[in-house]
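J.:
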Amino acid sequence: MKNLILASTSKYRQELLGRLNLSFQAVSPGVDEEPFKSLGLNPKDLAQKLAFEKASAVAQKFSDAVVIGSDQVAAIESKILDKPGDHQTATNQLSFLSGKEHVLLTAVCVCYDGKTIEFLDETTLAMKQLSASQIDRYLKYDQPYDCAGSYKIESLGISLFESIDCADFNAITGLPLLKLSKYLSDIGYELP
């Protein structure tokens, strides 16, 4: 079986892929996202473009491997919410999302043998109406400054929501395992 490479240094994606009990290596794709973000792409196209670029960059270095690239974009009303990076930006994002629905788009690109498999998972999340003190308490607890949308759904962030509509809950954390495991199985990896 070909080596499996995750084109990501994300600890969240590594933990998710590890659930499949497959041996893999994580490699930084070294893709600068900013030039792509400045193209004015819609949120879906941006997520798919970045997943493709990440997988392609690593596949060029490891042509004999199966490479998985992924990217995630949080968006509301076509406005893209970047990873906040700090407390104030996260406060602003959660204040803006409070009481509204937004989407989380998780794109995946698998490169192998000169072929690509691409798919997109779309999750709709309805956030509760949150007070400033609730937002501050949450951010101090989870510190989700490296997460699109300013929350960690796998932790206390779940308490911020009224409803979540998704095909694969894993996609919210960064990697839709239902479809990915099917495609990896089709390629030849042994999964149950």
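Just add 2 to the spot in the sequence shown (first one is 1) and you have my numbering.
Built from N, CA and C at the ideal position, the CB exists for glycine as well.
On a predicted model such as this, the values are computed, not experimentally measured, just so you know.
(1) Count the other C-beta atoms from every protein chain shown that fall within 10 angstroms of the C-beta of Tyr143, then say buried if there are 16 or more, exposed otherwise.
(2) Between Tyr185 and Lys154, what straight-line distance do the alpha-carbon atoms span, to the nearest angstrom?
(3) Alpha carbons only, please: which of Gln74, Glu103, Leu8, Gln50 is nearest the one belonging to Phe64?
(4) Suppose only complete runs of 4+ residues qualify. What are the alpha helix (DSSP H) ranges in the region 88-124, listed by chain order?
(5) Sort out for me which residues DSSP pairs Phe163 with in a bridge.
(6) Contact check, Thr126 vs Val105 under 8 Å by CB: the rounded distance?
(7) So Val20 is in the alpha helix (DSSP H); what residue range does that whole segment cover?
(8) Return the residue from the list Leu96, Glu192, Gly176 that minimises the CA-CA distance to Ser161.
(9) Are there 16 or more other CB atoms within 10 angstroms of the CB of Lys13, so buried, or fewer, so exposed?
(10) Following the continuous alpha helix (DSSP H) through Ser72, name the residue where it begins and the one where it ends.
(11) When the distance is taken between beta carbons, is Ala150 closer than 8 Å to Val75?
(12) Within a Cβ cutoff of 6 Å, which residues of the same chain sit near Leu132, ignoring the five residues on either side of it in sequence?
(13) Would Leu18 and Thr175 qualify as a contact pair, given that the criterion is a beta-carbon distance under 8 Å?
(14) Just mark Gln145 as buried or exposed, buried being the case when its beta carbon has 16 or more other beta carbons within 10 Å.
(15) Have a look at the DSSP bridge pairing and note the partners of Gln27.
(16) Measure how close the beta-carbons of Ala57 and Lys4 come, nearest whole angstrom, since I'm counting them as under 8 Å.
(17) Out of curiosity, what's the CA-to-CA distance linking Lys46 and Lys81?
(18) Using 10 angstroms around the beta-carbon of Lys102, count the other beta-carbons present and answer buried if the total reaches 16, otherwise exposed.
(19) Checking the sheet assignment: what are the DSSP bridge partners for Lys81?
(20) Can you tell which of Arg139, Asn23, Phe121 has its C-alpha closest to the C-alpha of Asp73?
T.: Based on what the coordinates show:
(1) exposed
(2) 27 Å
(3) Leu8
(4) 89-99
(5) Met129
(6) 6 Å
(7) The amino acid occupying residue 20 in the given sequence is Gly; Val does not appear at that position. Note, Gly20: alpha helix (DSSP H), 13-20.
(8) Leu96
(9) exposed
(10) Run containing Ser72: none in the alpha helix (DSSP H); it sits in the beta strand (DSSP E), 68-78.
(11) yes
(12) Ser100
(13) yes
(14) exposed
(15) Ile7
(16) Actually they are not in contact, since the Cβ atoms of Ala57 and Lys4 sit about 14 Å apart, beyond 8 Å.
(17) 11 Å
(18) exposed
(19) Ile78
(20) Phe121
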